[in-house]
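In what follows, a structure is listed as structure tokens, so that the remarks can point back to it.
2 protein chains.
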Amino acid sequence: MSTAIKTKKDVVTEFRTSGILEAARKVFAEKGFHEATVDDIAEAAGVAKGTVYLYYESKREVYFAALKFGIAQMYSLLLEELNKVSTPEGKLKGLIAAKLAYFDENRDFFKIYYSELGNIPTTHPAGIDNEFKALYQEQARLVETILKEGARKKLIRNLRTEQTALAISDIIRGVVTHRILGWSKSKISQDVDFIFDLVWKGIAAQ
Amino acid sequence: MSTAIKTKKDVVTEFRTSGILEAARKVFAEKGFHEATVDDIAEAAGVAKGTVYLYYESKREVYFAALKFGIAQMYSLLLEELNKVSTPEGKLKGLIAAKLAYFDENRDFFKIYYSELGNIPTTHPAGIDNEFKALYQEQARLVETILKEGARKKLIRNLRTEQTALAISDIIRGVVTHRILGWSKSKISQDVDFIFDLVWKGIAAQ
DNA sequence: CCCGTCACTGACTATGGAGTCAGTGTACTA
DNA sequence: TAGTACACTGACTCCATAGTCAGTGACGGG
């Protein structure tokens with residue numbers, strides 16, 4: 014029976030944490046880490062401030078929990094997408110499209126995700142940095158895997174795959190940034206084509 | 014004589030503001046906008062807090078003044094660099110090299126500069142956003158001009174020059190970020206070659 | 001139906017830092 | 001040399017908000 018009791022408690026915990034994280038993502042994206050208050054988050058989640066502290070030790074912890082949740086979600090989505098196609102071209106284009114689409118639908122997450130990068134070396138305790146760095150580089154490694162496969166199949170010329178993967182991620186980030194800032198009005202598919210075209214010409218064999 | 018008096022006051026003002034801005038750049042880069050205190054800046058500049066408020070109305074104003082100063086400095090440096098060479102290839106490579114070098118030497122400025130982008134749509138009053146956006150896009154336009162010239166000379170294929178220019182800026186930003194985070198250990202010249210090679214293959218005619 | 005547990009609340013405390021302003025000393029002026 | 005202007009100081013005020021904890025009421029078990 015102890016499992017049954019635990020399970021019930023777990024359900025409540027799950028309910029509260031997901032509510033709080035969802036609210037946190039929205040509020041942090043809207044105001045940034047410092048401007049957002051715990052009261053804002055609590056209100057958005059429909060609970061009192063004290064309740065937030067029942068589930069998280071500090072504002073920072075809420076923040077990183079929200080960040081990690083988003084990263085994990087996106088990552089599994091990207092993996093799924095990659096399994097749908099088999100050629101390196103297809104995978105690369107699919108990945109670009111999936112990332113653009115995900116960020117476009119989760120603009121709040123995008124803001125948290127990338128504002129983090131800028132802050133890494135300053136604000137946080139080292140442990141968190143490393144954890145985030147690992148999660149971030151896992152993303153880039155998805156691209157790197159595609160590049161390596163392409164190189165093996167002689168579709169892609171030899172180049173520093175790690176650097177190239179990072180560069181591709183950066184282009185994607187840039188395009189999404191401009192979309193979100195409202196500086197670009199193209200359709201997503203146009204942007205995908207543009208990125209893929211530029212990148213593929215840049216990396217293709219011959 | 015009134016000009017003489019004015020000039021003397023101007024000298025003092027110039028002396029103070031440049032001291033404060035220099036300190037501000039360092040402190041903001043180290044701690045980020047919110048973690049940095051006006052006392053930190055004053056101390057770093059060797060003045061009392063009140064003195065900072067003699068020259069700037071608020072902490073925000075100090076921040077943006079430091080940001081704008083850095084942008085202007087970099088911009089004039091880039092222009093100078095571009096005048097040294099004539100071909101589009103040379104200009105593009107020179108610009109990449111100059112930007113990497115500048116950011117490498119002014120890591121503090123880099124952090125302020127790009128952390129700003131992430132925060133644009135949230136924190137600031139709209140007027141400042143627009144001002145910053147203009148300064149930012151001026152940078153990208155340098156690249157765009159090169160691309161257009163290249164296209165005219167049939168060295169570069171036809172593509173959306175504005176988007177491409179932004180993408181190139183994004184790659185540069187990414188590489189600098191990884192350098193500054195200590196994730197990359199290549200020499201600057203290697204990174205320049207890498208970026209140029211990737212980009213040029215991506216945009217060259219045929 | 002009553003009692004005990006505990007998730008939840010929100011008023012409260014403690015802290016830190018932005019912005020102020022009365023006072024100080026220096027440098028120029030007459 | 002005495003007087004005045006003014007750049008500069010830093011202790012102070014005031015506010016915002018992170019984090020706490022004594023109190024409340026709902027719910028489940030006996």
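Chains as they are written, first to last, in the working numbering: chain A, 14 to 219; chain B, 14 to 219.
Cβ coordinates follow ideal geometry from the N, Cα and C atoms, glycine included.
In this structure, the CA atom of B:Leu194 is about 11 Å from the CA atom of B:Asp117. With three or more CB-CB distances shorter than 8 Å, the region 179 to 191 of chain B counts as touching the region 171 to 186 of chain A. When C-beta distances to chain A are compared with 7 Å, every residue of the region 59 to 78 of chain B stays at or above that value.
For A:Ala217, DSSP records a beta bridge to A:Ile169. Just so you know, the alpha carbons of B:Ala42 and B:Gly59 end up roughly 18 Å apart. In the structure shown, the three-state DSSP call for B:Ser128 is helix.
Here DSSP, grouped into helix, strand and coil, assigns B:Asn96 to coil. Under the 8 Å criterion on CB atoms, B:Val212 is classed as interfacial with respect to chain A. For the region 178 to 190 of chain B, the residues whose beta carbon sits under 8 Å from a beta carbon of chain A are, in order, Leu179, Ala180, Ser182, Asp183, Ile184, Arg186, Gly187, Val188, Thr190.
When secondary structure is reduced to three states using DSSP, A:Lys200 falls in the coil class, being assigned neither helix nor strand. Judged by DSSP in its simplified three-state form, B:Thr174 adopts helix.
Rounded to whole angstroms, the separation of the alpha carbons of B:Gln203 and A:Glu93 is 35 Å. Proximity of chain B to A:Arg173 at the Cβ level (cut-off 7 Å) is accounted for by Phe207, in chain order.
Listed along chain A, no residue sits closer than 7 Å to B:Gly163 by beta-carbon distance, the nearest being about 14 Å off. Listed along chain B are Leu211, Val212, Lys214, Gly215, each with a C-beta nearer than 7 Å to that of A:Gly215. Counting only residues of its own chain and dropping the five nearest sequence neighbours on each side, B:Ala218 has a CB closer than 8 Å to the CB of Lys167, Leu168, Ile169, Arg170.
In summary, B:Ser128 is buried, with 16 or more beta-carbon neighbours lying within 10 Å of its beta-carbon over all protein chains present. Note on geometry: alpha-carbon atoms of B:Tyr76 and A:Lys44 lie some 18 Å from one another. Look at A:Asn119 here: in three-state DSSP terms it is coil, with no helix or strand label. B:Leu148 is the residue among B:Phe46, B:His47, B:Leu148 whose C-alpha sits nearest the C-alpha of B:Gly83. Its chain contains Tyr68 as the residues whose beta carbon lies nearer than 6 Å to that of B:Thr30, once the 5 sequence neighbours on both sides are disregarded; these appear in chain order. Listed along chain B, the residues sitting closer than 7 Å to A:Gln176 by beta-carbon distance are Phe207. Cβ atoms of A:Phe209 and A:Lys97 stay farther apart than 8 Å, at about 16 Å. Contact between A:Gln176 and B:Phe207 holds, with the beta-carbon distance rounding to 6 Å and staying under 8 Å. Under the DSSP assignment, A:Glu56 falls in the alpha helix (DSSP H) whose first and last residues are 51 to 58. Here B:Glu157 is buried: its Cβ has 16 or more other Cβ atoms, across all protein chains shown, within 10 Å.
Straight through space, the alpha carbons of B:Asn143 and A:Phe123 are spaced by roughly 21 Å. Between the beta-carbon of A:Tyr115 and that of A:Leu90 there is about 6 Å, and that keeps the pair under the 8 Å contact cut. The Cβ atoms of B:Ala110 and B:Val205 lie closer than 8 Å to each other. In the structure shown, A:Ala61 adopts coil according to DSSP, grouped into three states.
Per the coordinates, the alpha-carbon of B:Ala164 lies some 24 Å from the alpha-carbon of A:His191. Cβ-Cβ distances below 8 Å link A:Gly32 to Ala58, Gly59, Val60 in the same chain, with the five nearest sequence neighbours on each side left out; the list follows chain order.
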